[in-house]
Amino acid sequence: MATTTKATPGDLKLVALTRHFDDFVAVDGIDLVVPGGSFFALLGPSGCGKTTTLRMVAGLEEPTSGQIMLGEQDITGTRAYQRNVNTVFQSYALFPHLSVLDNVGFGLRQRKVADWRTRANEALELVKLADRAKQRPRQLSGGMQQRVALARAIVNQPDVLLLDEPLGALDLKLRREMQIELKRIQQEVGITFIHVTHDQEEAMTMADTVAVMRTGRIEQLGAPSELYDRPATAYVANFLGQSNLLPLELRGAATAGLVTASARGVQVVVDAGQLPADAGAGLQLGIRPEKLRLLGPGSDGVANRLNGWVTDASFTGVATTYLVKMAWGQELTVTQSNDGSARAGLGDEVTVGWDPHQAFVLPAGAD
Amino acid sequence: MAWLRRNLVVIIGLLVMAYIMVPNLVVTIFSFNKPNGRYNYEWNQFSLDAWLNPCSSAGMCEALGLSLWVAVAASLAATVMGTMAAFALGRYRFKGRSATNLLVFFPMATPEVVMGSSLLTLFIAMGIPSGQLTILIAHILFTVSFVITTVKARVASLDPALEQAAADLYANPTQAFWKVTFPLVAPGIAAGALLAFALSFDDYIVTNFNAGASTVTFPMYVWGAAQRGTPVQINVVGTVMFFGALAIVGIGQLIGARLRVGSRRKEAL
Numbered sequence: 001m002a003t004t005t006k007a008t009p010g011d012l013k014l015v016a017l018t019r020h021f022d023d024f025v026a027v028d029g030i031d032l033v034v035p036g037g038s039f040f041a042l043l044g045p046s047g048c049g050k051t052t053t054l055r056m057v058a059g060l061e062e063p064t065s066g067q068i069m070l071g072e073q074d075i076t077g078t079r080a081y082q083r084n085v086n087t088v089f090q091s092y093a094l095f096p097h098l099s100v101l102d103n104v105g106f107g108l109r110q111r112k113v114a115d116w117r118t119r120a121n122e123a124l125e126l127v128k129l130a131d132r133a134k135q136r137p138r139q140l141s142g143g144m145q146q147r148v149a150l151a152r153a154i155v156n157q158p159d160v161l162l163l164d165e166p167l168g169a170l171d172l173k174l175r176r177e178m179q180i181e182l183k184r185i186q187q188e189v190g191i192t193f194i195h196v197t198h199d200q201e202e203a204m205t206m207a208d209t210v211a212v213m214r215t216g217r218i219e220q221l222g223a224p225s226e227l228y229d230r231p232a233t234a235y236v237a238n239f240l241g242q243s244n245l246l247p248l249e250l251r252g253a254a255t256a257g258l259v260t261a262s263a264r265g266v267q268v269v270v271d272a273g274q275l276p277a278d279a280g281a282g283l284q285l286g287i288r289p290e291k292l293r294l295l296g297p298g299s300d301g302v303a304n305r306l307n308g309w310v311t312d313a314s315f316t317g318v319a320t321t322y323l324v325k326m327a328w329g330q331e332l333t334v335t336q337s338n339d340g341s342a343r344a345g346l347g348d349e350v351t352v353g354w355d356p357h358q359a360f361v362l363p364a365g366a367d
Numbered sequence: 001m002a003w004l005r006r007n008l009v010v011i012i013g014l015l016v017m018a019y020i021m022v023p024n025l026v027v028t029i030f031s032f033n034k035p036n037g038r039y040n041y042e043w044n045q046f047s048l049d050a051w052l053n054p055c056s057s058a059g060m061c062e063a064l065g066l067s068l069w070v071a072v073a074a075s076l077a078a079t080v081m082g083t084m085a086a087f088a089l090g091r092y093r094f095k096g097r098s099a100t101n102l103l104v105f106f107p108m109a110t111p112e113v114v115m116g117s118s119l120l121t122l123f124i125a126m127g128i129p130s131g132q133l134t135i136l137i138a139h140i141l142f143t144v145s146f147v148i149t150t151v152k153a154r155v156a157s158l159d160p161a162l163e164q165a166a167a168d169l170y171a172n173p174t175q176a177f178w179k180v181t182f183p184l185v186a187p188g189i190a191a192g193a194l195l196a197f198a199l200s201f202d203d204y205i206v207t208n209f210n211a212g213a214s215t216v217t218f219p220m221y222v223w224g225a226a227q228r229g230t231p232v233q234i235n236v237v238g239t240v241m242f243f244g245a246l247a248i249v250g251i252g253q254l255i256g257a258r259l260r261v262g263s264r265r266k267e268a269l
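Note that the protein sequences, when read in sequence, are chains A and B.
Quick note, the first sequence lines up with residues 1 to 367 if you use this note's numbering.
Quick note, the second sequence lines up with residues 1 to 269 if you use this note's numbering.
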């Protein structure tokens with residue numbers, strides 16, 4: 001397979017793509033460019049339109065309006081079987097009456113590829129199932145079936161490979177393994193992967209770029225670390241991991257890149273570079289639990305500090321997660337690495353602090 | 001007593017089996033009889049006469065031929081129509097779908113006497129002379145429901161993603177149907193066809209109403225013959241049909257078992 005890697009697959013471009021189901025707007029005018037050869041994830045809760053978007057790219061669903069471009073080609077009006085796009089279905093959809101080899105060779109034989117047998121076997125080797133070629137799909141375990149479905153799609157060297165919650169049916173351990181495996185295969189074959197999932201960890205582990213979707217629209221798009229460290233809205237901040245949110249009012253002007261502000265009456269400083277352009281409806285300060293720490297004596301240099309008392313402490317091995325109750329009743333989540341730093345017990349009065357550059361600022365209006 | 005309690009289920013099972021099988025055994029045994037008189041009801045003497053001259057009984061083989069022809073034609077037509085209807089009902093949402101689903105059960109629920117007589121009334125009203133054509137129409141009518149029900153169950157159990165996967169792998173709708181859908185639904189279609197054949201072949205009531213004076217099917221022949229005497233050849237045909245049906249079922253089971261065992265063996269390697 002590695003020898004037949006494509007030169008440069010074209011970009012996939014969605015232009016104002018919309019899909020209505022009667023009154024329901026499943027996909028609401030998505031504009032998106034997926035660079036050729038990238039691993040792209042569409043992330044969102046069920047019903048956000050991510051699967052519908054995927055099915056429109058596959059040709060299994062017709063857009064109400066908008067355009068789908070593959071490289072220079074407009075494929076909006078073409079049928080699924082005419083598109084050089086392949087899908088790994090959520091249920092795998094392996095043909096039960098065909099052997100594993102015939103399943104993998106199905107697309108090649110449709111295209112009258114003469115050496116389909118050789119290439120199908122190569123694809124099975126890629127997913128480490130060459131010894132199962134003669135079996136029926138139902139004789140394989142779920143994880144193996146998943147890999148057959150992957151081989152069946154990849155063997156056709158599509159311009160774009162679509163994965164619809166491909167790991168959803170696997171148990172946790174297998175899912176971790178397959179995440180690494182999928183990433184390896186994608187790098188090996190160089191095909192554009194578009195991966196639909198509701199699992200934020202899965203999206204962040206595998207994808208180069210993640211688009212967070214919400215009610216038929218893309219809420220934010222970027223590299224996983226960018227989305228995690230600089231979420232644009234509270235929705236993204238909460239969907240990708242946990243965060244502590246505080247209302248924020250600006251007080252002073254920027255000095256040395258920092259702005260003075262007040263959160264619940266406590267003076268804090270925030271990174272001026274993080275202030276959103278539109279702050280009309282007020283601001284919110286967001287701090288990830290692992291960016292907050294319990295301050296011991298001799299930490300006077302930390303600019304941002306809040307006082308409270310510990311209402312819960314749970315030890316998880318690598319870290320301890322505390323709930324720290326503030327004077328105004330809010331409980332902040334603090335995750336402290338068990339690296340010998342300060343520990344606290346239930347009921348202890350503590351001071352938590354954070355580095356202003358490690359926090360993020362959101363417009364308050366959008367939840 | 002303890003032995004009886006342990007084996008009670010097996011004993012009852014064997015008794016039920018015997019209850020079901022004894023009539024067939026009697027038919028088979030009496031096909032080797034040389035009856036003393038016109039009725040083949042009492043064992044007299046072993047003979048191969050009936051087996052060696054199966055058509056010597058006047059009109060029987062013509063009746064058998066007609067029944068086989070009607071059964072093949074009716075089951076073929078019912079299978080094609082029924083399969084198409086089953087796909088329409090199983091796959092698509094359209095106006096009148098639930099009404100159709102209900103109507104399909106009518107021919108199965110209607111007493112045969114009622115169906116036969118009303119069909120005859122209809123044929124007379126339409127000026128269609130009774131004969132092979134009316135028999136065929138009647139048989140297709142009451143077998144098509146069985147085909148629809150059997151095939152529809154199979155269609156409903158198919159994952160719609162399979163056809164989408166075929167389309168995704170460059171199969172146009174026709175190719176997807178013949179390469180994926182049809183092979184998967186085929187067992188249901190075969191079951192429906194066999195059921196239609198069996199129902200058509202041994203139908204007496206509806207057929208008797210709608211047959212012309214000169215069209216005599218095998219069940220009609222047997223019934224008529226029973227008034228005047230029962231030729232041993234009837235038992236020969238009965239025996240052949242019984243073992244033929246057994247053979248079809250047996251072969252089907254064998255093929256299925258071989259597929260399973262074969263693949264299990266490969267898995268073990």
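Every residue gets a Cβ at the ideal spot worked out from N, C-alpha and C, and that includes glycine.
No experiment lies behind these values; they were computed from the predicted model shown.
- A straight-line Cα-Cα distance of about 11 Å links Ala364(A) and Ala232(A).
- Asp300(A) and Leu245(A) have their C-alpha atoms roughly 24 Å apart.
- Close CB contacts of Val361(A) within its chain, under the 8 Å cut and outside five residues either way in sequence, are with Leu248, Val270, Asp271, Gln274, Leu275, Pro276, Leu283, Gln284, Leu285, Gly286 (chain order).
- Just so you know, the alpha carbons of Met17(B) and Ile11(B) end up roughly 10 Å apart.
- When the beta-carbon positions are compared, Met220(B) and Ala63(B) come within less than 8 Å of each other.
- Checking the DSSP bridge columns, you'll see Trp309(A) partnered with Lys325(A), Glu349(A).
- The residue among Ala223(A), Met213(A), Ala263(A) with its C-alpha nearest the C-alpha of Trp328(A) is Ala263(A).
- The alpha-carbon of Val210(A) is positioned some 6 Å away from that of Leu42(A).
- Taking 8 Å as the CB threshold, Thr192(A) stays off the interface with chain B.
- Residue state for Gln253(B) is assigned as helix, using DSSP reduced to three classes.
- Within the DSSP bridge table, the entry for Gln73(A) names Leu70(A) as partners.
- Going by beta carbons, Asp159(A) and Thr192(A) fall inside the 8 Å limit.
- Here Arg154(B) is buried, its C-beta having at least 16 other C-beta atoms within 10 Å.
- Proximity of chain A to Val206(B) at the Cβ level (cut-off 9 Å) is not reached, the minimal Cβ distance being about 37 Å.
- Contact check for Met206(A) against Gln179(A) passes: the beta carbons are separated by less than 8 Å.
- The beta carbon of Tyr170(B) sits closer than 8 Å to some beta carbon of chain A.
- Taking every protein chain shown into account, the CB of Lys128(A) has fewer than 16 other CB atoms within 10 angstroms, so this residue is exposed.
- Taking C-alpha positions only, Phe24(A) is separated from Leu54(A) by approximately 17 Å.
- Residue state for Val151(B) is assigned as helix, using DSSP reduced to three classes.
- DSSP places Ala261(A) in the uninterrupted beta strand (DSSP E) bounded by 258-263.
- With fewer than three CB-CB distances shorter than 8 Å, the segment 179-190 of chain B does not count as touching the segment 19-39 of chain B.
- Beta-bridge pairing by DSSP links Gly222(A) to Val210(A).
- For Pro96(A), the nearest beta carbon of chain B is closer than 8 Å to its own beta carbon.
- Cβ contact annotation for Gly131(B) (same chain, cutoff 6 Å, sequence separation greater than five): Gly212, Thr215, in chain order.
- In this chain, the alpha helix (DSSP H) harbouring Gln179(A) covers 172-189.
- Burial check for Cys55(B): the Cβ neighbour count within 10 Å stays below 16, so the residue is exposed.
- Within the model, the alpha-carbon separation for Arg147(A) versus Arg119(A) is close to 16 Å.
- Look at the segment 41-60 of chain A: the residues with a C-beta under 9 Å from a C-beta of chain B are Arg55, Ala58, Gly59, Leu60.
- If you compare the alpha carbons of Arg293(A), Gly36(A), Phe21(A), Val15(A) with that of Ile30(A), the shortest gap goes to Val15(A).
- For Ser337(A), the enclosing beta strand (DSSP E) starts and ends at 331-337.
- Close to chain A, meaning a Cβ-Cβ distance shorter than 7 Å, are the following residues of the segment 148-174 of chain B: Asp159, Ala161, Leu162, Gln164, Ala165, Ala167, Asp168, Leu169, Tyr170, Ala171, Asn172.
- Under the three-state reduction of DSSP output, Ser118(B) falls in the helix class.
- In this structure, Val104(B) is the residue among Val104(B), Trp3(B), Pro183(B) with its C-alpha nearest to the C-alpha of Ile140(B).
- Counted as a single uninterrupted DSSP element, the beta strand (DSSP E) harbouring Asn86(A) occupies residues 85-88.
- Residue ranges of uninterrupted beta strand (DSSP E) with 3 or more members, entirely inside the segment 115-167 of chain A and ordered along the chain, are 160-164.
- Of all residues in the segment 182-206 of chain B, only Pro183, Leu184 place a beta-carbon less than 7 Å from a beta-carbon of chain A.
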